[in-house]
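Peer 1:
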Amino acid sequence: MSTSDIDEIVSDFSRFYILTILYEAPSHGYSILNKFKKRVGKEVSPSLIYPFLKQLEQKGLVKHSLKPVGAKKKKVFGLTKEGKELCKQLFKRFSALVSVAIEPSMSICASCGCKIYEGGYNEVINNKEMTFCCVHCAESYKQETQKKH
Ligand SMILES: [Zn+2]
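Heads up: the sequence shown begins at 102 in our numbering, then just goes up one per residue.
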């Protein structure tokens, strides 16, 4: 699953959150609605949830089974192995974004994008101080920018 596939599937926060609910446990549509409302404090429209679940199912990321809920049988949606894999990637990306916001001391290598907690390598390039994780990243960054100019 490539980065652009993830972007295509999760284009907004609601969809992202629906995935976190499914990641916790298989759920039926109504319970996704409920959990969403309880935690986000906002209603999510069934007209967003059901087409999204269908889309995920078509991509092989979600599977449904019929399970008795009360007197009725309902569709319970759960992530497939691929779906769980996608979520893991997504959460990793999201947590990297969040940690940049909550850890002001942290910076990100301008070349490879990895997190730098301390140290790192600074170099002034085009009159701008840039931070890299290592000298090699600084080198490849310089080569990249030279190509563009
Ligand atoms: Zn780097």
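Every residue, glycine too, gets a C-beta built ideally from N, C-alpha and C.
Just so it is clear, the structure is predicted and the values come from calculations on it, not from any experiment.
Verify the CB distance criterion: does Lys174 have a CB-CB separation below 8 Å to chain B?
Peer 2: Although the question refers to chain B, the structure presented lacks it and comprises just one protein chain.
Peer 1: If you draw a straight line from the C-alpha of Ile150 to the C-alpha of Leu134, how long is it?
Peer 2: The count along the sequence shown starts at 1 and reaches residue 150 at position 49. The count along the sequence shown starts at 1 and reaches residue 134 at position 33. Roughly 8 Å between the two C-alpha positions.
Peer 1: Three or more C-beta pairs closer than 8 Å, one from the stretch 232 to 244 and one from the stretch 198 to 218: is that the case here?
Peer 2: Yes, since at least three Cβ pairs between the stretch 232 to 244 and the stretch 198 to 218 fall closer than 8 Å, the two stretches touch.
Peer 1: Taking 8 Å as the cut-off, does the stretch 219 to 227 touch the stretch 153 to 166 (at least 3 CB pairs, one atom from each stretch)?
Peer 2: Counting Cβ pairs under 8 Å, fewer than three are found: no touch.
Peer 1: Taking only runs that begin and end inside the stretch 122 to 156, name each unbroken beta strand (DSSP E) of 3 or more residues, in chain order.
Peer 2: Qualifying beta strand (DSSP E) stretches: none in this window.
Peer 1: For Lys168 and Gly130, which I take to be in contact (beta-carbon distance under 8 Å), what is that distance rounded to the nearest angstrom?
Peer 2: In the sequence shown, counting from the first residue as 1, residue 168 sits at position 67. In the sequence shown, counting from the first residue as 1, residue 130 sits at position 29. So it is not a contact: roughly 12 Å between Cβ atoms.
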